[in-house]
Amino acid sequence: MRSEGLSLGLVLLCLLRVQAKPLGTAEPDASKVAGTWYITAMASDSKTYLEKKDQLKMAMANIEVLGDGDLNVSFAIPTPERCMKFSSIYKPTGNPDEYHSSDRGNKTVQLVNTDSSSYMVVFATREKNGKKLKMLRLYSRAQQVRPKIISLFKRFAKQYGFTDETIWILPTQEECQLGEP
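Everything in the sequence shown is counted per UniProt numbering, starting at 1 for the first residue and increasing by one.
So this is what it looks like as structure tokens:
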């Protein structure tokens, strides 16, 4: 009986240690995050994004893992005026699954959670006009996301301090795709 209690205690301790793993410590194979993704949901504290959130649509990203561990990320983002396309190089910071880019402003992104095949949740910070802005994005391999993944994204968003008013699911779009001129 005593050894069973000790064994149960060790199992519970191990479970607590696994459950206590901090956000942002997902450890995917970098090659599994490579490829085309749809940005299907967002949470942001940026006043600009919040003012325009009803106009935003699903964007696309293509992630290429470079030989030195850097990420080349190409975006196709629909706006009411046009289809914005650009690329940025993200370099590892030395922290697990965290990358930094000085292209188009100082941005740091960190992989929060992924199943390495159908979705990933990414937390981003950016400095603008001396203020640090934060954003959480849900990337999906498909335009349609399972409700379970949307719920997971919303849970992470709340853990990062976002409210229901600052979280939104992006509608699909066909007019702004990667690879088009």
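Backbone N, C-alpha and C define an ideal beta-carbon position, used for all residues, glycine too.
Query	Result
Can you tell me where the beta strand (DSSP E) with Y38 in it begins and where it stops?	G35 to S44
With the cut-off set at 8 Å, would you say T36 and N62 are in Cβ contact?	yes
Are there 16 or more other CB atoms within 10 angstroms of the CB of G161, so buried, or fewer, so exposed?	exposed
Determine the contact status of D115 and K91, defining contact as a CB-CB distance below 8 Å.	no
By the three-class DSSP mapping on this structure, what secondary structure does Q159 have?	helix
Starting from D134, follow its DSSP beta bridges and name the residues at the other end.	The displayed chain sequence assigns Lys, not Asp, to residue 134. Paired residue(s): T125.
Where K158 and E174 are concerned, what is the direct C-alpha to C-alpha distance, given to the nearest angstrom?	30 Å
Excluding five sequence neighbours on each side, which residues of the same chain lie with their C-beta closer than 7 Å to the C-beta of K128?	G105
Which of the three DSSP states, helix, strand or coil, is assigned to residue 259?	Outside the shown range of the chain (1 to 181) lies residue 259, about which nothing can therefore be said.
Express the C-alpha separation of M84 and K52 in angstroms, rounding to a whole number.	16 Å
Count the other C-beta atoms from every protein chain shown that fall within 10 angstroms of the C-beta of K47, then say buried if there are 16 or more, exposed otherwise.	exposed
In the DSSP assignment, find the unbroken alpha helix (DSSP H) run with E81 in it and report its ends.	Segment: none, E81 is in no alpha helix (DSSP H) and carries neither H nor E.
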